[in-house]
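Okay, so the sequence shown: first residue is 1 according to the working numbering, each after it adds one. In this text, a Cβ means the ideal position worked out from N, Cα and C, and glycines have one as well.
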Amino acid sequence: AYYVIAMSEASSNLARYDGVRYGYSVPELTSWGDYFSRVRAEGFGEEVKRRIMLGSYALSAGYYGKYYLKALKARTLIIEDFRRAFKDFDILVSPTMPTLPFKIGELKDPLTMYKVDVNTVPVNLAGLPALSVPIGFIRGLPVGIQVIGNYFEESKILSFAKSIAAE
Numbered sequence: 001a002y003y004v005i006a007m008s009e010a011s012s013n014l015a016r017y018d019g020v021r022y023g024y025s026v027p028e029l030t031s032w033g034d035y036f037s038r039v040r041a042e043g044f045g046e047e048v049k050r051r052i053m054l055g056s057y058a059l060s061a062g063y064y065g066k067y068y069l070k071a072l073k074a075r076t077l078i079i080e081d082f083r084r085a086f087k088d089f090d091i092l093v094s095p096t097m098p099t100l101p102f103k104i105g106e107l108k109d110p111l112t113m114y115k116v117d118v119n120t121v122p123v124n125l126a127g128l129p130a131l132s133v134p135i136g137f138i139r140g141l142p143v144g145i146q147v148i149g150n151y152f153e154e155s156k157i158l159s160f161a162k163s164i165a166a167e
């Protein structure tokens with residue numbers, strides 16, 4: 001759900017990016033079509049282009065209900081789960097990542113890289129405040145925990161994170 005929603009929003013928002021009023025610009029070409037194509041080709045990295053294409057696909061006429069609306073429904077279920085959890089707990093704690101970190105440049109496959117976000121994605125979908133606190137090292141690699149708070153209770157997670165960092 002997260003990737004469908006995030007990529008759809010990126011696609012929708014970046015559709016307004018034209019390089020005229022703000023952002024990356026190129027010398028004026030003979031046609032506006034060439035200008036916009038070049039601005040977007042040169043101004044966006046590969047990952048941004050990938051997300052725009054996937055988001056545009058999810059929002060297209062034949063797939064809006066199949067992907068985007070289903071993602072919004074999934075987000076609603078995730079929000080409801082967090083609301084239930086916060087009836088019993090002030091904060092939630094989880095590993096920030098499901099695996100040890102990889103070396104910079106080691107992973108090239110976007111799907112594998114997306115999977116690393118699996119613990120933070122539900123929190124982002126729900127729009128909850130959260131932060132990652134370094135807690136040590138495993139085999140020389142840094143690890144952290146994610147501290148999640150209820151809506152508008154950032155002070156609780158900041159206080160908890162401060163107490164962990166002090167130890």
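Practice task
Could you give the DSSP three-state label for residue 7: helix, strand or coil?
Solution key: helix
Problem - First through last residue of the beta strand (DSSP E) which encompasses residue 71 - result: Here residue 71 belongs to no beta strand (DSSP E); instead the alpha helix (DSSP H) covers 70-88.
Practice task
List the whole-angstrom C-beta distance separating residue 5 from residue 83, where the pair is believed to meet the contact cut-off of C-beta under 8 angstroms.
Solution key: In fact, because the Cβ distance is near 19 angstroms, the residues do not count as touching under 8 angstroms.
Problem - Through-space distance from residue 92 to residue 154, alpha-carbon basis - result: 12 angstroms
Practice task
Measure the C-alpha to C-alpha separation of residue 87 and residue 123 and round it to an integer number of angstroms.
Solution key: 16 angstroms
Practice task
Flag this pair as yes or no: are the beta carbons of residue 68 and residue 159 separated by less than 8 angstroms?
Solution key: no
Handout entry: Integer Cβ distance of residue 161 from residue 147, believed to fall under 8 angstroms
Key = 5 angstroms
Problem - Terminal residues of the alpha helix (DSSP H) in which residue 123 lies - result: 121-126
Problem - Whole-angstrom distance between residue 96 and residue 56, CA atom to CA atom - result: 30 angstroms
Handout entry: residue 161 (DSSP reduced to helix, strand or coil)
Key = helix
Problem - For residue 150, the nearest candidate out of 135, 116, 117 and 81 (CA to CA) - result: 81
Problem - For residue 50, the nearest candidate out of 34, 109 and 120 (CA to CA) - result: 109
Problem - Collapsed DSSP secondary structure at residue 55 in the structure displayed - result: helix
Handout entry: Ranges of the beta strand (DSSP E) found wholly within the region 127-154, counting only runs of at least 3
Key = 130-138 and 141-149
Practice task
Measure the Cβ-Cβ separation of residue 129 and residue 157 and say whether it is below 8 angstroms.
Solution key: yes
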